[in-house]
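Below is one structure, written out as structure tokens; comments come after it.
Residue numbers (the working numbering): 913 to 1634.
Shown next, in the form of structure tokens:
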């Protein structure tokens, strides 16, 4: 018959006066950890002692009990009570609940101390989230819960947010199949159905990163930091019925996301129209308002002169008030690291407003304004970008000088071919009548031999032909004058769009960008070009008639820099589609030659697309190519194994994940790469091979693809010199 084990008896508990308790040297806790003694004392003061002390009778050298009790387990609680006694919040003899073990117990006191801490199991985070949720449901505020548990209100909000996810995700998390970081990522959505669907979609995916989860849940939302939202203001969105921003309580989110993109676009359109109406009220003929103004939006326009006036008295008062507000904010927050986002936003708004006000305002001639207009766009920070004073090509009227001699219904007469000039008649190849004196065939006019008549047209043409040839020869023998003349002609074309004060039959074809992304105008390269153009425009004279003398005052370095700036506008490295069966303005052969030479220039100037800030993103490349192309890009940059991590994803998801993977790489798509020449240098005496686009043996274009005229190297070019 099996022997029955005796039933155990639990240690007895009793209340012992506090002044009969002392700390034991058997307590294994030596390092401070967790909440402080004072925090624990405050908790005991509010809540009472939740757990008793583990004590043993103290014995003297003879083994006799002294009436005092040592505490091998519960020393921190003892010290907390001691703090309350010291603060007169408890009496020295306050009874303390204790579990008493015999001094001669077979189990060592050190073992009890170690066991009490070893077998203590902390709450599962899920239990903590739910516990705080129950406290909140029973009326406890976030601040109160934070105070009770010695955490910040932000931590409480995070715990409550985690408690709001779907029960399905709770079960997955509790089973250990989901990490806490993944659970936190799901909190950006309150849609439990969507949460569950997304997790099911990721069930067989290698990519379950928190970033990817969050991006999927927010793919149809608008960031509060988006320039459109900054333009209309979050308050306007909420006033129009939009829901409050979706926030990520666990990561910086720049204000969160808005869930109604259509509402955002509607409000932006309404406000842009309103701003355009205000501008039209100034007296302009037209106003073009776009969220994203393209690069080169003003290239087909002529500017009208304006006068910059200082700020008005009212504007000066406003400037002073804004500066005072900025100074007060700086004095209050200087040196602090916890500056709220709304304070930083206000400082940015003040800086932007001061920048506009301090420039004063530009005043234009009302007569010029009747035929001119303005452009409106949005800057990245949501402020308005207003550019006034442009005359479109179709609205451009002849200058007053060109109107001389015109009658109603007549075409303008070009002074260069007016009566008395050598170009009369000959300009169109018609030489009939060139032997007749200019103006000598008036009806009824008598032939008076004593009157000095104008020279015959043919004679003027012959004389000036001789002068032209002599001038060409002298021009060729004076490189400095030749350079100055070419520079003068190029500056006229680049800065004075309607000027024709040049005898050089030379044009500057400024390249258009018919295919461009919305971010091209705000790219680093565009900003540098525009800033450089503005600097030169400030230095050049207002009138093109003073340009020649002004250019002579520049030193050689400045002339060369200005020459390069103007010449840069003609550089065209764009590929463009051509008709398959010919008939276009440029052939495939011509485009290929253009790209070949662009590569030569790129190597010569050391072009670095990564260095100028280009990176492959979802918008500018990855979502616009096929999945194999995306995988090829990742494989080239990060290796085939990394590409294999995303090969199962849908196109959009793959593109977004590829953007993250390629963010820190130097990968470029093929059209942005500059081919390097790896052939060895030719030996002495050997002929150096010509580049493909200069090689005479290169295949000639077919009849169906005629070679384009050199002056028309592609449809994007436009002759602005005429």
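Just so you know, even glycine gets a beta-carbon here, dropped at the ideal spot from N, CA and C.
Everything numeric in this text was worked out from a predicted model, so none of it was measured.
Just to confirm before moving on: does the CB-CB distance between residue 970 and residue 934 stay below 9 Å? yes
Residues bridged to residue 1215 (per DSSP): 1302
Simplified DSSP state of residue 1247, which is helix, strand or coil: coil
Using the C-alpha atoms, what's the distance from residue 1431 back to residue 1548? 26 Å
Tell me whether residue 1090 sits in a helix, a strand or coil according to DSSP, three-state version. Residue 1090: coil per DSSP, three-state reduction.
What's the gap between the Cα of residue 1336 and the Cα of residue 1378? The predicted model places residue 1336 with a pLDDT of 41, which falls under 50 and marks its position as unreliable, so this point remains unresolved.
Extent of the continuous beta strand (DSSP E) run through residue 980: For residue 980, the enclosing beta strand (DSSP E) has its first and last residue at 977-985.
Residue 1200: which of 1301, 1398, 1368 and 1370 sits nearest, CA to CA? 1301
Which residues does DSSP pair with residue 926 in a beta bridge? 1010
Buried versus exposed, by CB contacts within 10 Å (16 or more), residue 1522: Under a 10 Å Cβ-count criterion, residue 1522 is classified as exposed, with fewer than 16 other Cβ atoms of the shown protein chains found around its own Cβ.
If we count the other Cβ atoms within 10 Å of its Cβ and call it buried at 16 or more, is residue 1321 buried or exposed? Low confidence applies to residue 1321: its pLDDT is 41, below 50, so where it sits in the model is not reliable enough to give any reading.
For a test of the three-state rule: what should DSSP assign to residue 1533, helix, strand or coil? coil
What is the DSSP secondary structure of residue 1404, reduced to helix, strand or coil? helix
Once you ignore the five residues that flank residue 1519 on each side, which residues in its own chain have a CB closer than 7 Å to its CB? 1586
So with Cβ pairs under 9 Å, would you call residue 940 a contact of chain D? No chain D is part of this structure, which consists of one protein chain only.
When you compare the CB positions of residue 1223 and residue 1272, do they come within less than 9 Å of one another, or not? In this structure, residue 1272 lies closer than 9 Å to residue 1223 by Cβ.
Helix, strand or coil at residue 958 [DSSP, three-state]: helix
Evaluate residue 1288 with the Cβ neighbour count: other Cβ atoms within 10 Å of its Cβ, from every protein chain shown; 16 or more gives buried, anything less gives exposed. Buried, by the Cβ-count rule.
Can you tell me whether residue 1186 is buried or exposed, with buried defined as 16 or more other CB within 10 angstroms of its CB? exposed
Beta-carbon proximity check, residue 1477 vs residue 1394, cutoff 9 Å: It is not a contact, given that the beta carbons lie outside the stated cut-off.
For residue 1539, which residues from the same chain have a beta carbon less than 7 Å from its beta carbon, with the 5 sequence-adjacent residues on both sides left out? 1563 and 1566
Top-ranked residue by Cα proximity to residue 1510, from 1583, 1499 and 1460: 1583
Need the endpoints of the alpha helix (DSSP H) that residue 1173 sits in, please. 1173-1192
Select from 1176, 1165 and 1163 the residue whose C-alpha is nearest the C-alpha of residue 1146. 1176
Taking the beta carbon of residue 916 as the centre, do at least 16 other beta carbons fall within 10 Å, making it buried, or is it exposed? exposed
Rounded to whole angstroms, how far is the Cβ of residue 1481 from the Cβ of residue 1420, which I believe are closer than 8 Å? 7 Å
CA-to-CA distance, residue 1408 to residue 1460, given in whole angstroms: 13 Å
Can you tell me whether residue 1636 is helix, strand or coil according to DSSP? Any question about residue 1636 goes unanswered here, given that the chain covers just 913 to 1634.
What three-state label does DSSP hand residue 1368 in the structure shown? Here residue 1368 sits in strand by DSSP.
For residue 1118, count neighbouring Cβ atoms within 10 angstroms of its own Cβ and tell me buried if that reaches 16, exposed if not. exposed
Compute the distance between the beta-carbons of residue 1139 and residue 1282, then report whether it is under 9 Å. no
Measuring only from the beta carbon, is residue 1106 closer than 8 Å to any heavy atom that is part of the ligand MG? Within the structure as shown, the ligand MG is missing, as the structure has no ligands at all.
Under a Cβ-count criterion, where at least 16 other Cβ atoms within 10 Å of its own Cβ denotes burial, should residue 1099 be classed as buried or exposed? buried
Can you check DSSP and say which residues form a bridge with residue 1033? DSSP lists no partner for residue 1033.
What are the residues that DSSP puts in a beta bridge with residue 1201? 1288
Please classify residue 1019: does DSSP put it in a helix, a strand, or coil? coil
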